[in-house]
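As given, the protein sequences belong to chains Z and Y, one line each in that order.
Numbering follows the UniProt record's numbering, in which position 276 of the first sequence is assigned residue number 276; successive positions increment by one, without gaps.
Numbering follows the UniProt record's numbering, in which position 174 of the second sequence is assigned residue number 174; successive positions increment by one, without gaps.
Even glycine gets a Cβ: it sits at the ideal position worked out from N, Cα and C.
What follows is one structure encoded as structure tokens, with my remarks underneath.
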Amino acid sequence: MSNVAVDLNDVTKSFGSKLVVNGLSFAVGTGECFGLLGPNGAGKSTIARMLLGMTRPDSGKITVLGVPVPARSRLARKGIGVVPQFDNLDLEFTVRENLVVFGRYFGMSTREIQRVVPSLLEFARLESKADARVGQLSGGMKRRLTLARALINDPQLLIMDEPTTGLDPHARHLIWERLRFLLASGKTIILTTHFMEEAERLCDRLCVLERGRKIAEGSPHALIDEHIGCNVIEIFGGNPQELTSLIKPYVQRIEVSGETLFCYAPDPEQVRVQLRGRAGLRILERPPSLEDVFLRLTGREMEK
Amino acid sequence: MREGLAAALPANAWNWIAVWRRNYLAWKKVAFASLLGTLADPMIYLFGLGTGLGLMVGRVEGASYIAFLAAGMVATGAMTASTFETIYAVFSRMRDLGTWEAILHTQLTLGDIVLGELAWAATKAFLAGTAITIVAATLGYAAWTSVPYVLPVVALTGFAFASLAMVVIALAPSYHYFIFYQTLVITPMLFLSGAVFPVGQLPGAFQRLAAFSPLANSIDLIRPVMLGHAADNVGLHIGALCMYAVLPFFLSAALFRRRLMR
């Protein structure tokens with residue numbers, strides 16, 4: 001139990017005739033950051049709800065922090081902090097009041113709550129905003145408060161549903177930095193995201209979902225090596241069909257997404273030679289990223 | 001299914017207090033406006049109908065019309081305060097504001113939340129009923145000695161109507177549906193329950209219907225005492241109000257589970 005924080009075994013869930021989670025299994029080790037990646041509608045949020053006992057699976061077994069869920073989900077939730085996809089702070093309350101009210105839901109006494117509030121405010125960089133009403137905070141501050149609120153019960157496990165969606169880059173980086181701090185202090189994090197950069201930066205391991213099925217699992221680097229394994233050349237500005245037939249013999253694989261060509265080329269120089277002299281093309285060569293893996297697995301328009 | 005049931009029921013006898021305290025904190029910030037809103041309506045009825053209509057009506061059941069009406073307004077004030085708290089404020093916390101969602105992420109159950117909301121709505125009903133009772137006693141329409149007897153009935157009345165409204169909001173897809181409850185249930189109840197005129201004035205069939213009205217049961221407990229004599233069938237009326245408080249609570253908790261925890 002001690003080194004497995006979450007275990008899903010062959011979990012299936014449908015709403016009506018729509019299958020949203022399809023025979024899914026994964027395990028998350030204590031102290032790990034595990035990402036659930038997938039396009040909208042892949043079942044990420046449903047999985048997060050199932051871990052909390054708010055949605056019951058049709059079949060399969062879920063264990064969270066050593067406790068069967070949903071059977072004993074109330075006990076599991078005592079050790080979980082949740083950052084939901086949409087902030088649901090009490091807007092008419094101050095920052096401090098939000099923390100106090102939330103602590104009470106965990107059965108904490110006012111004294112216990114007052115003892116942890118200063119460190120949570122410091123963690124969220126909201127010391128100077130303690131008595132400001134939440135309605136007056138920026139989006140990034142609200143998100144940080146939601147994160148601090150999720151820590152009030154000193155949880156072992158954090159479940160985050162798209163923690164940085166809708167934030168500007170500065171606010172996002174600050175959240176990432178705070179999450180790394182939490183990981184360093186030994187918390188287990190499960191996060192759903194469709195931000196590849198977020199997954200790549202934070203996750204030890206991740207699982208790519210499509211229509212409720214797991215289509216890949218591993219560390220970001222392992223997934224990149226396994227599914228891409230070479231540099232990527234992006235070409236925009238030409239006729240995709242024409243360019244494809246031109247460079248096809250020199251690359252491992254080509255994918256077309258809108259007006260952009262993604263070429264997976266073990267020998268990029270060959271491709272450059274073919275394109276030399278063509279005006280109006282913009283060519284970008286870069287190392288492969290998780291986004292390439294994601295798009296590859298969940299489908300750009302494929303061209304083999 | 002057992003664990004599903006556990007999610008819909010209160011986990012223990014005190015978890016609901018955290019929800020009540022959340023609502024109390026929110027209310028404290030707007031207490032003045034809220035009190036004014038809760039009290040204005042029944043007071044306007046009391047003095048508008050009581051003094052105006054009272055001139056024409058003369059005495060009702062041995063009391064001045066305004067004294068007769070005062071007891072009706074105490075119960076009605078409790079009914080409207082807890083009904084409106086539930087169908088508007090609780091509904092928005094349940095559906096729009098994410099308040100319930102946030103609480104469901106903690107160790108509280110749905111049953112804890114519903115119980116906390118009911119207790120809060122009953123508290124607001126208690127405040128409204130208390131204020132009207134005090135005004136009535138101060139102006140001499142009710143005996144001061146009746147106050148400690150009336151107030152628990154007011155709280156129970158608030159609980160019963162909050163519980164009923166909880167079923168309505170568990171089923172309603174949007175705010176638009178509440179108008180049906182208001183116009184088809186709450187407003188007719190005012191006239192069926194002896195709040196503004198004696199039930200004896202109604203045709204026989206309506207009188208029998210009135211016996212089932214929670215408001216009528218409440219008024220039958222409150223009015224005799226406020227007018228200085230003993231109430232009849234006390235156990236029966238209290239039992240009826242308790243049924244209205246308890247049964248819809250369980251029904252609403254089951255409905256909320258179906259709605260929120262699919």
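Between residue i and the rest of its own chain, which residues show a CB-CB distance below 7 Å, the 5 nearest in sequence each way excluded?
i: Y:W27; result: S34
i: Z:G139; result: G166, L167 and A171
i: Y:W14; result: none
i: Y:L53; result: Y65
i: Z:M302; result: Because Z:M302 carries a pLDDT of 40, less than 50, the predicted location of this residue cannot be relied on, and the following value inherits that uncertainty. Excluding sequence neighbours, Z:M302 sits near E255.
Residues of chain Y with a CB under 7 Å from the CB of residue i: which are they?
i: Z:L52; result: H105
i: Z:R74; result: A11, Q107 and T109
i: Z:R104; result: A18 and R21
i: Z:V82; result: H105
i: Z:E92; result: A26 and K29
Just reading off the beta strand (DSSP E) that residue i is part of, what are its end residues?
i: Z:P68; result: V67 to V69
i: Z:V256; result: R253 to S257
i: Z:F34; result: C33 to L37
i: Z:M160; result: L157 to D161
i: Z:S25; result: K18 to G29
i: Z:S14; result: V4 to F15
i: Z:T193; result: T188 to T193
i: Z:R213; result: R213 to G218
i: Z:S59; result: S59 to V64
i: Z:V83; result: I80 to V83
i: Z:T260; result: T260 to Y264
Give the residues of chain Z in contact with residue i, contact being defined as C-beta atoms less than 8 Å apart.
i: Y:E117; result: Under the 8 Å cutoff, chain Z gives no residues; its nearest Cβ is about 14 Å from Y:E117.
i: Y:K28; result: By Cβ distance, chain Z contributes nothing, its closest Cβ being about 10 Å from Y:K28, past 8 Å.
Does residue i come within less than 8 Å of chain Y when only Cβ atoms are used?
i: Z:V21; result: no
i: Z:E112; result: no
i: Z:E162; result: no
i: Z:G107; result: yes
i: Z:E177; result: no
i: Z:P155; result: no
i: Z:T63; result: no
i: Z:N88; result: yes
i: Z:V273; result: no
i: Z:P266; result: no
i: Z:V95; result: no
i: Z:E303; result: Caution is warranted here: a pLDDT of 38 is assigned to Z:E303, below 50, making its placement in the model unreliable, and the coordinate value is therefore given only provisionally. Not one chain Y Cβ lies under 8 Å of Z:E303.
i: Z:T55; result: yes
i: Z:V101; result: yes
Check whether the Cβ of residue i lies closer than 8 Å to any Cβ atom in chain Z.
i: Y:A170; result: no
i: Y:R262; result: yes
i: Y:F256; result: no
i: Y:A102; result: yes
i: Y:L5; result: no
i: Y:R259; result: no
i: Y:W16; result: no
Residues of chain Y with CB under 8 Å from residue i, in chain order?
i: Z:E78; result: Note that residue 78 of chain Z is Lys in the sequence shown, not Glu. Residues of chain Y passing the Cβ test: Q107.
i: Z:F15; result: R262
Residues in its own chain within less than 8 Å of residue i by CB, not counting five upstream and five downstream?
i: Z:I224; result: P288, S289, L290, D292 and V293
i: Z:A27; result: V4, V6, D7 and L8
i: Z:L183; result: G31, C33, I189 and L202
i: Z:N40; result: H194
For residue i, which residues of its own chain have a beta-carbon under 6 Å away from its beta-carbon, when the five flanking residues on both sides are left out?
i: Y:V19; result: I113 and G116
i: Z:V208; result: L37, I215, A216 and L297
i: Z:G161; result: Checking the sequence shown, residue 161 of chain Z turns out to be Asp, not Gly. Taken in chain order, the residues that qualify are S45, A48, P84, Q85 and T192.
Would you mind telling me which residues of chain Z sit closer than 9 Å to residue i, beta carbon to beta carbon, in chain order?
i: Y:T123; result: The premise fails here: Y:T123 is roughly 17 Å from chain Z at the closest Cβ pair, so nothing lies under 9 Å.
What span of residues does the alpha helix (DSSP H) with residue i cover, start to end?
i: Y:I134; result: L110 to T138
i: Y:Y181; result: F178 to Y181
i: Y:I169; result: V147 to L171
Chain B partners of residue i, CB-CB under 8 Å?
i: Z:R144; result: Annotation note: the requested chain B is absent from the structure, which comprises protein chains Z and Y.
Residues within the region 85 to 98 of chain Y neighbouring chain Z, beta-carbon criterion of under 9 Å: Contacts with chain Z (Cβ-Cβ distance below 9 Å) from the region 85 to 98 of chain Y involve L97 and G98, listed in chain order.
Mind checking the region 19 to 51 of chain Y against chain Z and listing, in chain order, the residues whose C-beta falls within less than 9 Å of any C-beta there? Listed by position along the chain: V19, R21, R22, L25, A26, K29 and V30.
Chain-ordered residues of the region 187 to 206 of chain Z with a beta carbon less than 7 Å from chain Y: none
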